């Protein structure tokens, strides 16, 4: 009988042989595959895809090879969509065959977090989630959360005006955004910047984000590595995955259990979880499968939009640092429309078109999710004389779309006016500027909620604060993290109140 190491070595050799055969077959069948950069045997284009800022490389490839770029990684075909036309054609018009998520080994097999809605590859479960989210996140339902969003964002701006460090600003914004979603989902308010639950969630979300990062784990290409024992050299990814699995289980179980216990004792406040758990007759559901779906839906609703909303607010601060006239124009609109004797609310959006357009331009100018979460094709799809094979991973390059000169004139400039009517009095309709929310049947269900939170912060900041470059600023654009979520590493700015009156007005609601 073979010893275990010999048997395992045989498995490795056999797996590599099968991988090589698959890669060669893929290569030979790819005559009509979209053009792309030259590939190496077996690994394909893997060596050309950077772990940080891959969107910049993909955008250069879109310019060189066309709006659909073909890639191969260990025989797995992938296409990068770099134009609005390609996205509309493939992800929207053909949504029936392009809405599934790829099955990631790290996500599904090792971490076992595939039930997160944004990563879920099960379309039946996805439809179930969408029905849940439609009740809580539709445009009409989202208006019910406006008082929470305004209160939390006013508090965040007030805290920022009392600090000098951009790391402290980030803590305040993160607490505010997380508190908004935790109140909506679990009826839990984060009252302090060092809230233990929010700190824990932030840490876990960074780990989850990493599992879906392109090229992060070699096991996605060499899938047989998932069978390595935990102690084996090179199996650190499995140990990391097991920790993520445990953390995510706690993330979805603990706050859910608190709501369920309060519901049973009649003490639960209305929230996403309590509404889904309670039947029309007042009884609590007792179906374990349905409870599990509610847990995961709540988890993704709470965690899914927190990081991206925080990053968008950071991007707003970067934008007005680099383009100070934008803040001046927004303040002029604010002063003439709202005045100095009351704070703006979310009901004022229609009468503040420049500020509303400013939010749209923040989302477009430097997309906080530069590459949308990938889709997978369920059948061969023709496009411009090429064939996108069944099983191809489809990546919408939001960064390239936001810089599409056929849609946005002078795309590198930060100009909220591009989203306004000719007279500047109306926000133009349409989906331009919303690339960050995804496409087709995978559009982010929390887009209304996210935009309202961002507007609540932006309008309050414009009304109450001023900003200028700090002594350490060299006048250039700050550096960015360049991961799945694109965050500024540092914002070299000084933020201060517009006046003592505005500071007093902002403090007022916090004392009520």
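Residue numbers (my numbering): 1 to 512. Where a beta carbon is used, it is the ideal one built from N, C-alpha and C, also for glycine. Please read these numbers as outputs of a predicted model, since none were measured by experiment.
Terminal residues of the alpha helix (DSSP H) in which residue i lies
i	result
residue 244	236-264
residue 410	Per DSSP, residue 410 belongs to no alpha helix (DSSP H) and is neither H nor E.
residue 212	Where residue 212 is concerned, there is no enclosing alpha helix (DSSP H), given that its DSSP letter is neither H nor E.
residue 494	Here residue 494 belongs to no alpha helix (DSSP H); instead the beta strand (DSSP E) covers 493-497.
residue 92	Run containing residue 92: none; DSSP gives neither H nor E here.
residue 84	84-87
residue 361	353-365
residue 178	166-186
residue 147	146-161
Backbone CA spacing between residue i and residue j [nearest angstrom]
i	j	result
residue 486	residue 230	32 Å
residue 458	residue 362	10 Å
residue 347	residue 502	20 Å
residue 91	residue 81	10 Å
residue 238	residue 104	14 Å
residue 220	residue 370	21 Å
residue 420	residue 414	13 Å
residue 93	residue 108	28 Å
residue 392	residue 100	11 Å
residue 40	residue 84	30 Å
residue 442	residue 504	44 Å
residue 166	residue 286	46 Å
residue 102	residue 353	39 Å
residue 126	residue 379	19 Å
residue 396	residue 70	13 Å
residue 243	residue 464	43 Å
residue 74	residue 225	14 Å
residue 488	residue 368	10 Å
residue 398	residue 436	6 Å
residue 462	residue 332	9 Å
residue 372	residue 158	33 Å
residue 250	residue 294	15 Å
residue 281	residue 261	18 Å
residue 162	residue 57	40 Å
Unbroken beta strand (DSSP E) run spanning residue i, endpoints
i	result
residue 54	Careful: residue 54 lies outside any beta strand (DSSP E), inside the alpha helix (DSSP H) at 54-65.
residue 320	Premise fails: residue 320 lies in the alpha helix (DSSP H), 306-322, not in any beta strand (DSSP E).
residue 275	No beta strand (DSSP E) contains residue 275, which is instead part of the alpha helix (DSSP H) from 272-277.
residue 467	465-469
residue 393	393-396
residue 126	Unbroken run through residue 126 is the alpha helix (DSSP H), 123-137; no beta strand (DSSP E).
residue 482	Where residue 482 is concerned, there is no enclosing beta strand (DSSP E), given that its DSSP letter is neither H nor E.
Which listed residue (the options) has its alpha carbon closest to that of residue i
i	options	result
residue 445	97, 258, 132 and 78	132
residue 67	47, 221 and 384	384
residue 33	389, 46 and 191	389
residue 310	181, 381, 352 and 217	181
residue 321	464, 494 and 36	494
residue 514	455, 443 and 54	Past the boundaries of the shown model lies residue 514; the chain is included only from 1 to 512, so the question cannot be answered.
residue 129	96, 476, 218 and 292	292
residue 149	460, 474 and 489	460
residue 475	170, 211, 492 and 213	492
residue 60	477, 37 and 125	37
residue 155	260, 75 and 171	171
residue 169	244, 490, 500 and 499	490
residue 427	478, 284 and 350	350
residue 300	52, 159, 178 and 469	178
residue 382	256, 62 and 98	98
residue 134	365, 297 and 507	297
residue 193	278, 160, 416 and 357	160
residue 55	481, 86, 110 and 142	481
With 16 other Cβ atoms within 10 Å as the buried cut-off, status of residue i
i	result
residue 153	buried
residue 423	exposed
residue 44	buried
residue 315	buried
residue 451	buried
residue 275	exposed
residue 123	exposed
residue 360	buried
residue 232	exposed
residue 466	buried
residue 164	exposed
residue 496	exposed
At a cut of 8 Å, does the stretch 322-335 reach the stretch 290-306 through at least three beta carbon pairs?
-> Taking 8 Å as the limit for Cβ pairs, the verdict is that the stretch 290-306 does not touch the stretch 322-335.
Three or more beta-carbon pairs under 8 Å between the stretch 175-189 and the stretch 265-275, yes or no?
-> yes
Count the C-beta pairs between the stretch 189-203 and the stretch 335-342 that are closer than 8 Å, then say yes if the count reaches three, no if not.
-> Short answer: they don't touch.
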